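Below is one structure, written out as structure tokens; the observations come after it.
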Amino acid sequence: MRKKKESKHRILILGASGFLGGAIYKELCSYFRTFGTYNISNKSLEKNKHFFQYNIEEDDIYEILDIVKPTIIVSALRGDFAAQFIAHKHLAEYVFSTKIKILFLSSANVFDAYSKYPSYELDKTYSNSIYGHFKIKIENMLLRLPKKQVAILRLPMVFGAQSPRVLEINQNIKEKIPVEVFPNLIMNATNDSKLTQQIHYIINRNKTGIFHLGSTDLVHHDDFIKEIIKSLELKNAIYKQVFTTNDDRYLAVIPKYNLLPKNLQLLSQEILTELEI
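Residue 2 is where the sequence shown starts when you use this note's numbering, and the numbers rise one by one after that.
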């Protein structure tokens, strides 16, 4: 029964060939009619009728929207910021005119100018970085749409066995390259498996608004990276300590108002435990 009921949605994941987009696709494709886009030519994806090649700088997103006719769009796009902005402008127009819903993967960097404390869902965004500014611009554009059509999902650093961050740590240790750690950075984190379950729940329960999808506890970046290396049983790591400031600084998106059920909340220890398996 459950599968039948959930298949009412047609979901389009933009950036489905990336690490997070791919994880979201895997989580949703058994329950919904799920489609995805990929950028670089890929033989196996070309054969898959549910995937469309989409180059953000050259292609028009409307063509794919016309074919898929999604009821929900999940944006996990990466790439040129200016091209992404234009694509999201088109997406916002489409979402508004068709009365469908968009889930946008944003970042803790929308708060990177506030270094004295963690950030909650209703805090005002303020960033010093180009990346943070770009995410704020898209958030603001989407937040002008009717409330029931938008979910902004702000993510902290994402770890997971196949995540770019963990793969890079592995690679660096293998090649005897120092692993960068930020001793003064206090943050929270998440992993792909919990994040995809949270997104599934948000879609299923038709939730909207701003979500902070990070662990409910805080960790020091340097300690956490060392714990990850321990969990992966990697030997002979060399560390390079990077001090951007003399004081502790926070880059954490903590959930406070838009809380998900207990089983979908996450502690940083669970990320480490999963890496040990």
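A virtual CB, placed ideally from N, CA and C, is assigned to each residue, including glycine.
Quick caveat, the model's predicted, so the values are computed rather than measured.
- The secondary-structure analysis by DSSP pairs residue 156 across a beta bridge with 108.
- For secondary structure counted as the alpha helix (DSSP H) over 4 or more consecutive residues, the region 79-136 holds these complete runs in sequence order: 82-99.
- Rounded to whole angstroms, residue 242 and residue 182 show a C-alpha spacing of 5 Å.
- Distance from the CA of residue 74 to the CA of residue 236, rounded to the nearest whole angstrom, comes to 42 Å.
- A straight line joining the alpha-carbon of residue 257 with that of residue 48 spans about 43 Å.
- For residue 172, the enclosing alpha helix (DSSP H) stretches over residues 165-175.
- Boundaries of the beta strand (DSSP E) around residue 181: 180-182.
- Only residues of its own chain outside the window of five on either side were considered, and among them 199 and 202 have a CB closer than 7 Å to the CB of residue 261, listed in chain order.
- If one requires a minimum length of 3 residues, the beta strand (DSSP E) runs lying completely within the region 174-240 are 180-182, 186-188, 190-192 and 210-213, in chain order.
- Counted as a single uninterrupted DSSP element, the beta strand (DSSP E) harbouring residue 74 occupies residues 73-76.
- Looking from the CA of residue 41, the closest CA among 60, 18, 29 and 26 belongs to 18.
- Each of 209, 247 and 90 was checked against the Cα of residue 184, and the nearest Cα belongs to 247.
- A Cβ-Cβ separation of about 5 Å places residue 12 in contact with residue 35 under the 8 Å criterion.
- Assignment of residue 14 by DSSP, reduced to helix, strand and coil, places it in the strand class.
- About 18 Å separates the Cβ atoms of residue 219 and residue 196, ruling out a contact at the 8 Å cut-off.
- In the three-state reduction of the DSSP assignment, residue 267 falls in the coil class.
- Going by C-alpha positions, residue 103 is about 14 Å away from residue 62.
- DSSP places residue 20 in no beta strand (DSSP E) but in the uninterrupted alpha helix (DSSP H) bounded by 20-29.
- A straight line joining the alpha-carbon of residue 233 with that of residue 176 spans about 16 Å.
- At a Cβ-Cβ threshold of 8 Å, residue 189 and residue 111 do not count as neighbours.
- Taking a contact to require three or more Cβ pairs closer than 8 Å, the region 121-134 and the region 83-92 do not qualify as touching.
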